[in-house]
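**Q** Take this structure, written in structure tokens, and hold onto it; I'll ask about it next.
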Amino acid sequence: MSSVMASMAFPWPKCPVIRPRCSLSSRNSKHRHLSFLAGCGRIPRSQWLSGSMRRDMENCSWSDGMEDTFMLGSDEEFGSKVPTQAQSVVEGSGTVLVSEYKPIPDLDYLQELLAIQQQGPRAIGFFGTRNMGFMHQQLIEILSYAMIITKNHIFTSGASGTNAAVIRGALRAEKPELLTVILPQSLKMQPPESQELLAKVKNLIEKPQNDHLPLIEASRLCNRDILSHVQQVICFAFHDSRLLMETCQEAKNLRKIVTLFYLD
17 MSSVMASMAF PWPKCPVIRP RCSLSSRNSK HRHLSFLAGC GRIPRSQWLS
67 GSMRRDMENC SWSDGMEDTF MLGSDEEFGS KVPTQAQSVV EGSGTVLVSE
117 YKPIPDLDYL QELLAIQQQG PRAIGFFGTR NMGFMHQQLI EILSYAMIIT
167 KNHIFTSGAS GTNAAVIRGA LRAEKPELLT VILPQSLKMQ PPESQELLAK
217 VKNLIEKPQN DHLPLIEASR LCNRDILSHV QQVICFAFHD SRLLMETCQE
267 AKNLRKIVTL FYLD
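Residue numbers 17 to 280, in the working numbering, belong to the letters of the sequence shown in order.
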């Protein structure tokens, strides 16, 4: 009875208790248990308050607050990179971690570099369109002439335009053994103006077995035959030259060095 009167005469001051930030999950259950014991009179209230504050100080540390601060920091501190807006558009919004991009070496560039370092002659295939102006044909004649005098072997077909310019330039070099012309069909199937020029070629290969085929199909087979003999391809074409674009792509698939000149 005296303890009850003492507690009523001297009430405990109600003031806020300042505690550091800490996790409340493990502490709430202990406080409820201690509060129940204190209410039952098993633990003195002063001892419960002082012990509760002391345990709060022991269980909680300022490192908890520091961890929260680090968690809100920049992602660059942890090695992850948030993609930019442009990367999100290109790669999709699902990409969160962006790894360092390491490009694969360009095989075409390495092949061209190796070809430059090789000083020996090569077998070169010339392809091109029939629709070509006089100035373009003169440039091709000079290129063909230069390839022959540097001991390169030229393979081409017998059509007008590009092929005719290649043949004229190669014949000017006066080394007929370094020029081979493969026709898509027999010689009699060629235009009359081409037959006169082809008669001067020493190494002329005809394909009479393809006379029954359409010219486009015979030309496709002829181009594949030329690709099987050469190491490098030089082509003069327009962007809509379907057969020539197909031949260049096939040459790239065969790991040939392809030099493509667009006339448009």
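The beta-carbon is built from N, C-alpha and C at its ideal position, and this holds for glycine as well.
#1: For P200, does the count of other Cβ atoms within 10 angstroms reach 16, so buried, or fall short, so exposed?
#2: Of all the options T172, R138 and M148, which has the alpha carbon lying nearest to the alpha carbon of R236?
#3: Quick one: is G141 buried, meaning 16 or more other Cβ sit within 10 Å of its Cβ, or exposed?
#4: Runs of 3 residues minimum, wholly inside the segment 209-233: which ones carry the beta strand (DSSP E) assignment?
#5: Applying the criterion that 16 or more other CB atoms from any shown protein chain within 10 Å of the CB defines a buried residue, is A215 buried or exposed?
#6: Below 8 angstroms on the Cβ atoms is my guess for I198 versus V182; work out the distance and round it to an integer in Å.
#7: Can you give the Cα-Cα distance for S243 and A267, rounded to whole angstroms?
#8: Would you kindly work out how many angstroms separate the C-alpha atoms of T196 and Y161, rounded to a whole number?
#9: Using the DSSP secondary-structure output, state which residues sit across from V174 in a beta bridge.
#10: Taking C-beta to C-beta, are V249 and T275 nearer than 8 angstroms?
#11: Measuring alpha carbon to alpha carbon, tell me which of G149, R138 and K204 ends up nearest F254.
**A** The structure says:
#1: buried
#2: T172
#3: buried
#4: 219-221
#5: exposed
#6: Not a contact, Cβ separation roughly 12 angstroms.
#7: First, the residue type needs correcting, since residue 243 is Leu and not Ser in the sequence shown. So the alpha carbons of these two residues sit roughly 7 angstroms apart.
#8: 14 angstroms
#9: According to the sequence shown, residue 174 is Gly rather than Val. In DSSP, G174 forms no bridge with anything.
#10: yes
#11: G149
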